[in-house]
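The block underneath contains the structure these notes are about, expressed in structure tokens.
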Amino acid sequence: MKKTIGLFLFVAGVICHAGPLNHTQSDACLGAGNCSVALTGTLTGSGTDYNTYFQTVQSFFGKLEAAAHSDFSVTNTWALSVAGASFTEDFIVHSASHPDGTTGMFAMGYSIDGTNSASGIAHSFVQVGIKEVDINNPSTVIASVSHDYSGASINQSVMTPAIFPIIYGQKFEMLVFMQATAGSIIDIGVGYQLKDVTGSGVGTSTFDHTLVINSLQTGDNASDLTIESGSGTTYSQAGIVPEPSTLALGGLALLGFGIAVRRSSRILN
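At the far end of the sequence shown sits residue 1207, using this note's numbering, and the numbering has no gaps.
Following this line, the structure appears as structure tokens:
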């Protein structure tokens, strides 16, 4: 049996196979910010089939983390571990050069940092999706983009095309999603395919180094934007604005790193 799963379509309740060893907690941290969940366990099937999984997710407004691990052995079935997190944010964009009520287009950028590894017949990857949804009917998608990352090491910044329609001065809603996936799945670039297999493997997708919103722009690159958020999170055109406490911790970390380097230099000298 083959089954193709697209963005935001989860396995539970979808697959009709009698004995797949799948575990998903993709609905654990969806929509709201400031959520953290970790799950681990082992699923067993017929004979010696097993799938030992670990999943962890954290969601904050403007920032997501997800990791999934699957260590499995199966006979004519499949194993899967999925960890997904998202946040939904309401924005209002103002611009002195674009009076309220003027139509425009919106673009969102993010940085992503993490790793994928796999052995045996296992695979692993992470998927990122950004949607604008109808603020009065969130199940209605206005525009969306998605991308799968299956490389061993991912550290890059990505800017979406300006495909999200907005009206300056009016509220609109964006959904940002990250899903880490591991197991005997096959990444098809826009989701994954489940196929009955026989064998064993270990797959890990670790993106707890996070996805961070680092750019909020308009289609004509207006430089005078001010951005309001429904959550009260502070955003600028450079994305999420770190809180002072976060900056202070970062400064302490850099200071500690500098001290460690100087001590190391003295030892080497």
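Here a beta-carbon is modelled for each residue, glycine too, at the ideal position from N, C-alpha and C.
Bear in mind the structure is a predicted one, so any value in this text is a computation, not a measurement.
Would DSSP call residue i helix, strand or coil?
| i | result |
| --- | --- |
| Thr1172 | coil |
| Asn1014 | strand |
| Gln1131 | strand |
| Pro1037 | coil |
| Ser1183 | With a pLDDT of 46 at Ser1183, under the threshold of 50, the modelled position of this residue cannot be trusted; read the value that follows with caution. Correct three-state label for Ser1183: helix. |
| Phe999 | coil |
| Pro1103 | strand |
| Asn989 | strand |
| Ala1160 | coil |
| Ile1080 | strand |
| Lys1109 | coil |
Going by CA-CA distance only, name the one from the options that's closest to residue i.
| i | options | result |
| --- | --- | --- |
| Ser1049 | Ala1023, Gln1175 and Leu1149 | Leu1149 |
| Gln1155 | Ile1030, Ser984 and Ala1045 | Ala1045 |
| Ser1055 | Ala976, Phe1145, Ser1167 and Asp1162 | Phe1145 |
| Asp1125 | Gln1108, Gln1065 and Phe1115 | Gln1065 |
| Gly1042 | Leu1163, Ala1176, Tyr1173 and Ile1178 | Leu1163 |
| Ser1088 | Asp1051, Lys1109 and Ile1073 | Asp1051 |
| Gly1058 | Gly1137, Ala1160, Ser1174 and Glu1070 | Gly1137 |
| Phe998 | Glu1070, Ser984, Ala1017 and Val1114 | Val1114 |
| Thr982 | Lys1001, Cys973 and Thr1015 | Thr1015 |
| Val1083 | Phe1063, Pro1076, Asp1072 and Gly1047 | Gly1047 |
| Gln1062 | Asp987, Val1140 and Ser1167 | It should be noted that the sequence gives Ser, not Gln, for residue 1062. Ranking Asp987, Val1140 and Ser1167 by Cα distance to Ser1062 puts Val1140 first. |
Using the beta-carbon count (16 or more within 10 Å), is residue i buried or exposed?
| i | result |
| --- | --- |
| Val1079 | exposed |
| Ile1151 | buried |
| Gly1127 | exposed |
| Asn989 | buried |
| Ala1004 | buried |
| Thr1053 | buried |
| Asp1028 | exposed |
| Met1116 | buried |
| Ala1060 | buried |
| Gln1094 | exposed |
| Thr994 | buried |
| Thr1142 | buried |
| Ala1017 | buried |
Assuming residue i and residue j form a contact by the criterion Cβ under 8 angstroms, report the distance between their Cβ atoms to the nearest whole angstrom.
| i | j | result |
| --- | --- | --- |
| Ile1105 | Ala1081 | Not really, about 14 angstroms apart at Cβ, beyond 8 angstroms. |
| Val1012 | Ser1122 | 6 angstroms |
| Thr1119 | Ala976 | About 17 angstroms separates the two Cβ atoms, so there is no contact after all. |
| Gly1177 | Ser1161 | That pair is no contact at about 15 angstroms. |
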